[in-house]
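Here's the structure we're looking at; comments come further down.
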Amino acid sequence: MGAEAPAAASEFKLMSDILIKPMLNDVGIFRILVASALLFWAGPSLRAHSGGVSPEFVDSLLCEYLEIQKALREGDLHTARDHGKNLSKSFNRGPSERAHSKFSEIRQAAHRIGKSQQLFAARSEFSKLSVSIAAVLEDLERNESLDLFLFRCDAAQDGQGAVWVQQERTASSPYGCSPTSCEATLDRIINTHG
661 MGAEAPAAAS EFKLMSDILI KPMLNDVGIF RILVASALLF WAGPSLRAHS
711 GGVSPEFVDS LLCEYLEIQK ALREGDLHTA RDHGKNLSKS FNRGPSERAH
761 SKFSEIRQAA HRIGKSQQLF AARSEFSKLS VSIAAVLEDL ERNESLDLFL
811 FRCDAAQDGQ GAVWVQQERT ASSPYGCSPT SCEATLDRII NTHG
């Protein structure tokens with residue numbers, strides 16, 4: 661899509677110069693029409709970067725998230741805390757929390773994971789983090805071309821249920837459930853990438 665957008669834009673400009681521009685006396689209206697058409701044709705790539713959120717930033721969020729998921733799966737609170745702190749701090753050098761509705765929730769949950777004193781508390785915050793990360797991954801473009809899997813386990817979190825994102829197609833619960841009690845189900849595949 662990226663290479664097609666400039667060609668389509670120049671083709672549209674040529675058509676508009678010949679057909680539309682002479683009909684419009686007001687330059688402002690013409691510019692609005694051109695901008696609207698360009699946004700429509702270049703659509704997905706431009707919309708994915710709205711709010712200044714780069715695919716690299718989304719990749720960095722995903723990387724820290726997956727490290728937290730792995731640490732919690734292995735019962736390693738110390739490593740989960742370290743990556744929770746890293747994830748929370750990534751917003752200091754990234755886009756504003758206002759760039760996506762879930763960024764504030766991600767930062768807060770990651771911060772609380774970074775401060776957790778017990779594995780259960782970290783896993784509880786990870787449950788909130790997972791819902792927000794899944795929404796961001798579905799909304800925003802990323803560079804990594806790996807497929808991600810969204811799992812649900814109704815037995816997790818003392819029967820409240822929880823979701824998580826992981827790279828492997830076979831479920832590995834970060835919630836401390838045994839494979840027999842969790843009965844994790846694949847909810848969907850997230851493969852939004854450039």
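In the working numbering, the protein residues as written are 661 to 854.
Glycine included, every Cβ here is placed at the ideal spot set by N, Cα and C.
This structure is a prediction, so every number in the text was calculated from the model and none was measured.
In the DSSP annotation of this structure, the continuous segment of the alpha helix (DSSP H) that includes L747 starts and ends at L737 to K749. DSSP, read as helix, strand or coil, puts R753 in coil.
Under the Cβ criterion (8 Å, minimum of three pairs), the stretch 795-814 does not count as touching the stretch 742-756. With three or more CB-CB distances shorter than 8 Å, the stretch 782-790 counts as touching the stretch 821-840.
The beta carbon of H771 is closer than 6 Å to those of S748 in its chain, skipping five residues each way along the sequence. CA-CA distance, A782 to G712, rounds to 30 Å. Here I773 is actually not in contact with R802; their C-beta atoms are around 21 Å apart, not less than 8 Å. Residue pairing from DSSP places Q826 in a beta bridge opposite F809. Exclusion of the five residues before and after S792 leaves K762, E765 and I766 as the residues of its chain whose Cβ lies within less than 6 Å of its Cβ.
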